[in-house]
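Since the structure comes first, as structure tokens, the remarks are kept for the end.
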Amino acid sequence: MDASQGYHQIMLDPEDRKKVSFITSEGTFCYVAMPFGLKNAGATYQRLVDKIFRPQIGRNVEVYVDDMLVKSKKAEDHTKDLEETFSVLRKYKLKLNPAKCAFGVQGGRFLGFMVTQRGIEANPLKIKAIIDMKAPTCINEVQRLTGRIAALSRFISKSAEKSLPFFKTLRKAKTFEWGTPCQLA
1 MDASQGYHQI MLDPEDRKKV SFITSEGTFC YVAMPFGLKN AGATYQRLVD
51 KIFRPQIGRN VEVYVDDMLV KSKKAEDHTK DLEETFSVLR KYKLKLNPAK
101 CAFGVQGGRF LGFMVTQRGI EANPLKIKAI IDMKAPTCIN EVQRLTGRIA
151 ALSRFISKSA EKSLPFFKTL RKAKTFEWGT PCQLA
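Residue 145 in UniProt numbering is what sits at position 145 of the sequence shown, and the numbering runs on without skipping anything.
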């Protein structure tokens, strides 16, 4: 589930509104809700959802900023778990974006990973992106590759050891050489 314009659902204290005012040729305007782009907006929103879903987090809900996942151990419990979550959303007047919500699914993508009955798994699209990459021709492409591998490292046995040839290539930043050890890795 996805909160609809999450930050904009948090009303600013009237005393704080002047702190986020802006001036245009039409006059001075103040936000009444938390705008996107404030340095602490993400952390503030995360604290809010952590607080309101505290009794459920880890049990039947996982929340990361405006992304929510309702999980149930048994299919027959899922409706009850959803009702509990919707009750919290109604209590705090948080709205969802229906276009980004899916209900009653066995699994799906959450925060770039696949969540299934077996647990958290690597996203096949991210694996395919690595497999389909051409051999790097410059340092930036090696950095891109190592970043993609790092994102999946929890699913790759001995990831650091296997990636060592890439890091050795990065250490030689002045000269680029994509040799056999890199290609085999």
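Note that the Cβ used here is the ideal one computed from N, Cα and C, for glycine as well.
Extent of the continuous beta strand (DSSP E) to which residue i belongs
{"i": "Gly-27", "result": "27-30"}
{"i": "Ile-23", "result": "21-24"}
Residue i versus residue j: straight-line alpha-carbon distance, rounded
{"i": "Tyr-31", "j": "Thr-85", "result": "29 Å"}
{"i": "Gln-46", "j": "Glu-177", "result": "43 Å"}
{"i": "Lys-71", "j": "Ile-10", "result": "25 Å"}
{"i": "Thr-44", "j": "Gly-179", "result": "47 Å"}
{"i": "Lys-93", "j": "Arg-144", "result": "41 Å"}
{"i": "Met-69", "j": "Gln-106", "result": "Met is not the amino acid found at residue 69; the sequence shown has Leu there. If I take the Cα positions, the gap works out to 12 Å."}
{"i": "Val-88", "j": "Lys-19", "result": "30 Å"}
{"i": "Lys-73", "j": "Lys-80", "result": "12 Å"}
{"i": "Phe-53", "j": "Asn-40", "result": "20 Å"}
{"i": "Tyr-64", "j": "Pro-55", "result": "15 Å"}
{"i": "Glu-62", "j": "Lys-168", "result": "38 Å"}
{"i": "Leu-12", "j": "Arg-59", "result": "31 Å"}
{"i": "His-8", "j": "Lys-95", "result": "10 Å"}
{"i": "Phe-166", "j": "Lys-134", "result": "14 Å"}
{"i": "Ile-120", "j": "Lys-51", "result": "24 Å"}
Continuous alpha helix (DSSP H) stretch holding residue i: start and end
{"i": "Thr-180", "result": "180-184"}
As assigned by DSSP and simplified to three states, the class of residue i
{"i": "Tyr-92", "result": "coil"}
{"i": "Leu-38", "result": "coil"}
{"i": "Ile-57", "result": "strand"}
{"i": "Val-49", "result": "helix"}
{"i": "Ile-120", "result": "strand"}
{"i": "Asp-81", "result": "helix"}
{"i": "Ala-3", "result": "strand"}
{"i": "Ala-150", "result": "helix"}
{"i": "Ala-160", "result": "helix"}
{"i": "Phe-86", "result": "helix"}
{"i": "Thr-169", "result": "helix"}
Per DSSP, the bridge partner or partners of residue i
{"i": "Gln-62", "result": "For the sequence presented, residue 62 should be read as Glu rather than Gln. Looking at the DSSP assignment, Glu-62 forms a beta bridge with Leu-69."}
{"i": "Ala-33", "result": "Met-11"}
Counting pairs of beta carbons, one from the segment 99-114 and one from the segment 19-30, are three or more of them closer than 8 Å?
no
I'd like to know if the segment 2-9 and the segment 94-102 are in contact, where contact means that at least 3 CB-CB pairs between them fall below 8 Å.
yes
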